[in-house]
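Numbering of the sequence shown is given in this note's numbering, commencing with residue 193 and proceeding in unit increments.
Just so you know, even glycine gets a beta-carbon here, dropped at the ideal spot from N, CA and C.
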Amino acid sequence: MIDIIFASHNQHKVSEVQAILGDSFNLLSLSDINYHEEIIEDADSLEGNARIKAQTIWKSSGKTCFADDTGLEVEALDGAPGVHSARYAGVAHDDQANLQKLLLALQEKSNRKARFRTVICLIIGGKEQFFEGIVNGHISEKPSGKKGFGYDPVFIPDEYNISFAEMDESEKNLISHRGSAVKKLTNDLFLRFLKGNK
Ligand code: IMP
């Protein structure tokens with residue numbers, strides 16, 4: 193089995209990606225490698241933050257690793273909240289406050305187009321590679337659904353009339369930003385390791 197570090201403490205995300213990778217790869221979280229320092233994500237782009245996290249872990253471990261960063265980009269708000277999605281309303285990860293602030297900001301706007309974008313930075317043999325996953329949709333007038341997290345209750349993906357928070361996790365993963373970035377990462381890892389390129 194090949195060990196790969198996912199630069200995240202979020203065990204839920206780690207298990208989700210491990211399920212896609214299957215048993216040829218053994219994903220290690222930051223807790224698994226006893227890395228408990230805070231990594232300051234102060235870049236002004238998703239790419240920049242994914243790179244900071246991946247580079248920090250590469251420098252400390254010297255092992256193949258990757259990190260992700262996700263943002264909700266709203267067209268009428270010039271791409272906000274974007275890289276600031278987790279702390280849009282001030283305090284990090286207050287999903288309810290973030291969502292209310294977003295609905296308020298869009299109150300007078302007729303253009304409600306939005307997209308979720310995930311960027312993954314993989315570092316292998318010291319070289320960086322980026323993978324991107326996007327899902328397009330729009331922001332509803334009011335929240336609906338109780339599943340998921342973050343902005344899920346107000347995000348309606350294109351070609352659907354229900355929000356991410358009304359979908360089962362497996363249905364969301366099939367079309368989601370994170371799902372598609374992870375699939376690209378997985379394909380790349382399989383190709384590299386099948387070719388013996390470690
Ligand atoms: P992270 O980079 O995965 O930690 O995501 C940053 C922030 O984007 C989260 O705190 C959420 O507010 C938002 N976000 C990321 N992914 C999703 C999603 O799948 N649904 C809803 N909100 C999300």
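- Query: Does the distance from the CB of residue 333 to the CB of residue 303 come in under 8 Å?
  - Reply: no
- Query: Do residue 311 and residue 260 come within 8 Å of each other at the CB atom, strictly closer than that value?
  - Reply: yes
- Query: Should residue 249 go down as buried or exposed, given a rule of 16 or more other Cβ atoms within 10 Å for buried?
  - Reply: buried
- Item | Cβ pair count under 8 Å reaching 3, the stretch 274-285 against the stretch 226-243 | yes
- Item | Pairwise C-alpha distance: residue 336 and residue 251 | 43 Å
- Residues near residue 203 in its chain [Cβ-Cβ closer than 8 Å; skip 5 each side]: 221, 223
- Query: What residues in its chain sit with their C-beta under 7 Å from that of residue 244, if we drop five residues either side in the sequence?
  - Reply: 231, 233, 235
- What whole-angstrom Cβ distance do residue 394 and residue 197 have, given they're in contact under 8 Å? Outside the shown range of the chain, which is 193 to 390, sits residue 394, and nothing can be said about it.
- Task: For residue 206, collect the residues of the same chain with a Cβ closer than 7 Å to its Cβ; drop the 5 residues on either side in sequence, then sort them by chain order.
- Result: 198, 200, 219, 221
- Item | Coarse secondary structure for residue 212, derived from DSSP in three states | helix
- Message: Quick check on the DSSP output: the beta strand (DSSP E) that includes residue 309 runs from which residue to which?
- Response: 305-316
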